[in-house]
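Trainee: Order-wise, the sequence lines are chains A and B.
If you count by full-length UniProt numbering, then the first sequence holds residues 1 to 238, one letter each, in order.
If you count by full-length UniProt numbering, then the second sequence holds residues 1 to 238, one letter each, in order.
Protein chains: 2
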Amino acid sequence: MTRTSTLDPRSADASVDVTRVAVSTVIFTLRRLPGADAPRVALPLVRRTRDPHEGQWALPGGWLDVAEGLDAAASRTLAETTGLSPSYLEQLYAFGAVDRSPTRVVSIVYWALIRPDEASDDSVENVQWFDAASLPALAFDHNDIVEYALWRLRNKVGYSRIAHGLLADEFTLAELREVYESILDRRLDPANFRRQVENSGTLIPTDRFRTGSHRPARLYRYNQDVELADRGPLGVRQ
Amino acid sequence: MTRTSTLDPRSADASVDVTRVAVSTVIFTLRRLPGADAPRVALPLVRRTRDPHEGQWALPGGWLDVAEGLDAAASRTLAETTGLSPSYLEQLYAFGAVDRSPTRVVSIVYWALIRPDEASDDSVENVQWFDAASLPALAFDHNDIVEYALWRLRNKVGYSRIAHGLLADEFTLAELREVYESILDRRLDPANFRRQVENSGTLIPTDRFRTGSHRPARLYRYNQDVELADRGPLGVRQ
DNA sequence: CCAAAAGTGTTATGGCTACACCCATGC
DNA sequence: GCATGGGTGTAGCCATAACACTTTTGG
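Below you can see the structure in the form of structure tokens.
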């Protein structure tokens, strides 16, 4: 492959009048704040160290490499900027307004879920976790993007089983219910929730129990035969 | 704005090692075939006149201009290649597999609906309407893309009111039901369909009736106050 | 024993489905 | 009149919601 340096789409030369393709990801997890009872939706942001919006917080991402697919680019840029590899990753939307950046950038945005234990806090430089409900002013149009991702998350939790992407392998029904309650921001009836999820066939009961408080709760595993979400005819393409 | 000709992303020079951004659209309409009872889902394809897959049928589209948003590019390329302007247009997915084209192309794909009366057949050169259920082998990964768009169409018709995008301003309940039946490929109970759609509050009854066969059927209009589909916090952005 | 969460049972409600039935028009 | 689609009524079914109730642990 020949590559002329001046044509490298990853160069930050603003005088070059081309459209560049970036890939960003909105990663959600649940965080239990010290004083709070219910966990909250949180996401990691990266402090920008370069000119457009330098110093402001932005979604993790990077330029699309000429020799990699979109999904691969999302995974790679995510790992490079935050060190995270999500349990669930799905394309969200392509943002391409002319004025969303000083230079012309089309961003293919992904959204992802990560288990709380995988969200290694206080590790990588320039990365910080924020409460999704109270974000600062982000770089570019990233506030809008997060808002849209949150909408998709709340929507999708209603008709698919993505909530499992926020839990460890084994979990109690109360923990699963807590995930739904945090995302939907309303209480669910424990009795009805149990029956719904039991009848869905997505859970496998184990012989183990979570002890420590009151009556022990049975631990469940996720039934891998049932997909997290119906993505239609799109498989692991890209 | 300065533009170096060799950097023009719209040039078809395959030796230039950059990622170019294209915009394509899957446009659906309903066509009543001569001998058939029920209308069928149909879409227009464009015969390729250039090298990659020359002579094969492909989705209408074109290169993204540096100074236009994604939605605008979809509308423009659609009008340029087919002369159509849809009643409903929504982003579908960004396709960016490395091997989907000889040169690296990321395609932002839209899907659209058009009313049968607007689908001016036999007009534009190199454009032909195909039955969505029996397509030939298309250029690039366009067969997969159409399959995904059909999946989205069938999904979305279940929880939104996009079916109106395939009808004229005034229509009978039987005509609206026929749209649903064609997309979902199954019969719906006329009585239950009537009640469902009446209770949804999306229809405004008029004083006019469709005559010509048997008992006249009341004509309805679409209630503009209710959106065709909930797109979440994304408005008319781009 | 008591508090609290785990887990079960029961009833009401509302939407959907199936289908019987009446209405109005063309022929 | 009669065939046909327009339009209404109704009973069964099933998922959900609300909530009373029992069970099992920690303290």
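C-beta: ideal position from N, C-alpha, C; glycine also.
State yes or no: is the beta carbon of Met1 of chain A nearer than 8 Å to at least one beta carbon in chain B?
Mentor: Locating residue 1 of chain A in the first sequence gives position 1, where the first residue counts as 1. Below a pLDDT of 50, predicted positions are generally treated as unreliable, and Met1 of chain A, at 41, falls in that range; no measurement from the model is reported.
Trainee: By a C-beta neighbour count over all protein chains shown, 10 Å radius and 16 as the cutoff for buried, is Phe171 of chain B buried or exposed?
Mentor: Position 171 of the second sequence, counted from the start, is the residue given in the question as residue 171 of chain B. With 16 or more Cβ atoms within 10 Å of its Cβ, Phe171 of chain B is classed as buried.
Trainee: I'd like to confirm the pairing. Which residues does DSSP put opposite Phe95 of chain B in its beta bridges?
Mentor: Taking the first residue of the second sequence as 1, we reach residue 95 of chain B at position 95. In DSSP, Phe95 of chain B forms a bridge with B:Ser107.
Trainee: Going along chain A in order, which residues have a C-beta closer than 7 Å to the C-beta of Val21 of chain B?
Mentor: To locate residue 21 of chain B, count along the second sequence from 1; it is residue 21. Within 7 Å Cβ-Cβ: Thr19, Val21 and Val106.
Trainee: Could you give the C-beta distance for Tyr148 of chain B and Gly232 of chain A, rounded to a whole number, given that I count them as a contact under 8 Å?
Mentor: Start at 1 with the first residue of the second sequence, and residue 148 of chain B comes out as number 148. Start at 1 with the first residue of the first sequence, and residue 232 of chain A comes out as number 232. Confirmed, Cβ separation roughly 6 Å.
Trainee: Across which residues does DSSP place Val41 of chain A in a beta bridge pair?
Mentor: On the first sequence, position 41 is the one that residue 41 of chain A refers to. DSSP lists A:Leu30 as partners of Val41 of chain A.
Trainee: Return the chain-ordered list of same chain residues with a C-beta closer than 7 Å to the C-beta of Pro39 of chain B, the five sequence neighbours on each side being excluded.
Mentor: Walking along the second sequence from the start, residue 39 of chain B turns up at place 39. Excluding positions up to five away in sequence, the list reads Leu30, Arg31, Arg32, Glu178 and Ser182.
Trainee: Using the C-alpha atoms, what's the distance from Val197 of chain A back to Leu188 of chain A?
Mentor: Start at 1 with the first residue of the first sequence, and residue 188 of chain A comes out as number 188. Start at 1 with the first residue of the first sequence, and residue 197 of chain A comes out as number 197. Their backbone Cα atoms lie some 12 Å apart in a straight line.
Trainee: Could you tell me which whole beta strand (DSSP E) segments of length 3 or greater appear in the segment 164 to 228 of chain B?
Mentor: Listed in chain order, they are 203 to 210 and 217 to 222.
Trainee: Of all the CB atoms in chain A, is at least one closer than 8 Å to the CB of Gly232 of chain B?
Mentor: Here residue 232 of chain B is taken as the residue at index 232 of the second sequence, counted from 1. By this cut-off, Gly232 of chain B is an interface position.
Trainee: Please tell me whether Asp144 of chain A has its Cβ less than 8 Å away from any Cβ of chain B.
Mentor: Counting from 1 along the first sequence, the entry for residue 144 of chain A is found at position 144. Answer yes: the Cβ-Cβ gap between Asp144 of chain A and chain B drops below 8 Å somewhere.
Trainee: Looking only at DSSP bridge pairs, what is Leu113 of chain B linked to?
Mentor: Your numbering for residue 113 of chain B matches position 113 in the second sequence. Answer is B:Phe28 and B:Tyr88, bridged to Leu113 of chain B.
Trainee: Just to confirm the assignment, what range does the alpha helix (DSSP H) spanning Val127 of chain A have?
Mentor: Your numbering for residue 127 of chain A matches position 127 in the first sequence. Looking at the DSSP string, Val127 of chain A is not in any alpha helix (DSSP H); the run it does join, the beta strand (DSSP E), is Val127 to Asp131.
Trainee: Could you tell me the alpha carbon to alpha carbon distance between Ala174 of chain B and Leu153 of chain B, rounded to whole angstroms?
Mentor: Translated into the one-based positions of the second sequence, residue 174 of chain B becomes position 174. Translated into the one-based positions of the second sequence, residue 153 of chain B becomes position 153. One C-alpha to the other measures close to 20 Å.
Trainee: Just to confirm, is the Cβ distance from Ala94 of chain B to Ala94 of chain A under 8 Å?
Mentor: What you label residue 94 of chain B is simply residue 94 of the second sequence in a count that begins at 1. What you label residue 94 of chain A is simply residue 94 of the first sequence in a count that begins at 1. Against a cut-off of 8 Å, the Cβ pair of Ala94 of chain A and Ala94 of chain B comes out as a contact.
Trainee: With 7 Å as the limit, tell me which residues of the segment 38 to 68 of chain A have their beta carbon closer than that to any beta carbon of chain B; keep them in chain order.
Mentor: Cβ contacts with chain B come from Leu64, Val66, Ala67 and Glu68.
Trainee: Going by Cα to Cα distance, which pick from B:Pro34, B:Asp37 and B:Ser85 is closest to Leu166 of chain B?
Mentor: For this step, residue 166 of chain B is matched to residue 166 along the second sequence. Nearest option by C-alpha distance: B:Ser85.
Trainee: Would Val98 of chain B pass as an interface residue toward chain A - the criterion being a Cβ-Cβ separation below 8 Å?
Mentor: The residue labelled residue 98 of chain B in the question sits at position 98 within the second sequence. Chain A, which has a Cβ nearer than 8 Å to the Cβ of Val98 of chain B, makes this yes.
Trainee: Using only alpha-carbon positions, find the residue among A:Thr25, A:Gly212 and A:Glu118 that is nearest to Asp169 of chain A.
Mentor: As a working mapping, residue 169 of chain A is identified with position 169 in the first sequence. Minimum Cα distance to Asp169 of chain A is reached at A:Glu118.
Trainee: Return yes when the Cβ of Pro60 of chain B is within less than 8 Å of the Cβ of Ser101 of chain B, no when it is not.
Mentor: Locating residue 101 of chain B in the second sequence gives position 101, counting from the first residue. Locating residue 60 of chain B in the second sequence gives position 60, counting from the first residue. Not a contact, by the Cβ cut-off of 8 Å.
Trainee: Per DSSP, Trp151 of chain A forms a beta bridge with which residues?
Mentor: Here residue 151 of chain A refers to the residue found at position 151 when the first sequence is read from its first residue. None; Trp151 of chain A has no bridge partner.
Trainee: Check the Cβ-Cβ distances between Leu78 of chain B and every residue of chain A, and say whether any is below 8 Å.
Mentor: Here residue 78 of chain B refers to the residue found at position 78 of the second sequence. Chain A, which has no Cβ nearer than 8 Å to the Cβ of Leu78 of chain B, makes this no.
Trainee: Assign Gly158 of chain A to one of three DSSP states: helix, strand, or coil.
Mentor: The residue given as residue 158 of chain A occupies position 158 in the first sequence. Gly158 of chain A falls in the helix class under three-state DSSP.
Trainee: Can you find a C-beta in chain A that's less than 8 Å from the C-beta of Ala139 of chain B?
Mentor: If you number the second sequence from 1, residue 139 of chain B lands on position 139. No, Ala139 of chain B does not count as interfacial toward chain A.
Trainee: Using the beta-carbon of each residue, which ones in chain B are nearer than 7 Å to Ala94 of chain A?
Mentor: Residue 94 of chain A sits at position 94 when you count from the first residue of the first sequence. Ordered by position in chain B, the residues that pass the 7 Å Cβ test against Ala94 of chain A are Leu70, Gln91, Ala94 and Ile108.
Trainee: Going by C-alpha distance, which of B:Ala139, B:Ile204, B:Gly62 and B:Phe209 is nearest Asn223 of chain B?
Mentor: Here residue 223 of chain B refers to the residue found at position 223 when the second sequence is read from its first residue. Among B:Ala139, B:Ile204, B:Gly62 and B:Phe209, the Cα nearest to that of Asn223 of chain B belongs to B:Ile204.
Trainee: Less than 8 Å separating the beta-carbons of Val26 of chain A and Val127 of chain A?
Mentor: Start at 1 with the first residue of the first sequence, and residue 26 of chain A comes out as number 26. Start at 1 with the first residue of the first sequence, and residue 127 of chain A comes out as number 127. Going by C-beta atoms, Val26 of chain A is not nearer than 8 Å to Val127 of chain A.
Trainee: List the residues of chain A whose Cβ lies closer than 9 Å to the Cβ of Glu178 of chain B, in chain order.
Mentor: Along the second sequence, read from residue 1 onward, the residue named residue 178 of chain B stands at position 178. None at all; the shortest Cβ gap to chain A is about 25 Å.
Trainee: State the Cα-Cα distance for the pair Ala42 of chain B and Phe28 of chain B, rounded to the nearest angstrom.
Mentor: Within the second sequence, the letter at position 42 stands for residue 42 of chain B. Within the second sequence, the letter at position 28 stands for residue 28 of chain B. Going by the C-alpha atoms only, they are around 6 Å apart.
Trainee: What's the call for Asp71 of chain B, buried or exposed, on a 16-neighbour Cβ count within 10 Å?
Mentor: In the second sequence, the residue the question calls residue 71 of chain B occupies position 71. Classification of Asp71 of chain B: buried, given that the 10 Å Cβ count is 16 or more.
Trainee: For Val226 of chain B, which residues from the same chain have a beta carbon less than 7 Å from its beta carbon, with the 5 sequence-adjacent residues on both sides left out?
Mentor: Locating residue 226 of chain B in the second sequence gives position 226, counting from the first residue. Cβ within range, chain order: Arg161, Gly201 and Thr202.
Trainee: Considering only the alpha carbon of each residue, which of B:Ala191, B:Phe193, B:Asn155 and B:Asp17 lies closest to Leu184 of chain B?
Mentor: Along the second sequence, one-based indexing puts residue 184 of chain B at 184. Closest option to Leu184 of chain B, Cα to Cα, is B:Asn155.
Trainee: Residues bridged to Arg47 of chain B by DSSP?
Mentor: As a first step, residue 47 of chain B must be located in the second sequence, where it is residue number 47. According to DSSP, Arg47 of chain B bridges with B:Trp57.
Trainee: What in chain B is Cβ-close to Glu147 of chain A, meaning under 7 Å?
Mentor: To locate residue 147 of chain A, count along the first sequence from 1; it is residue 147. Pro233, listed in chain order.
Trainee: CA-CA distance, Asn96 of chain B and Phe130 of chain B?
Mentor: The residue labelled residue 96 of chain B in the question sits at position 96 within the second sequence. The residue labelled residue 130 of chain B in the question sits at position 130 within the second sequence. Correcting the residue type first, residue 96 of chain B is Gly in the shown sequence and not Asn. Approximately 25 Å between the Cα atoms of the pair.
Trainee: Counting only C-beta atoms, is Trp151 of chain B closer than 8 Å to chain A at any point?
Mentor: Taking the second sequence and counting its residues from 1, the one referred to as residue 151 of chain B is at position 151. With 8 Å as the cut-off, Trp151 of chain B counts as an interface residue toward chain A.
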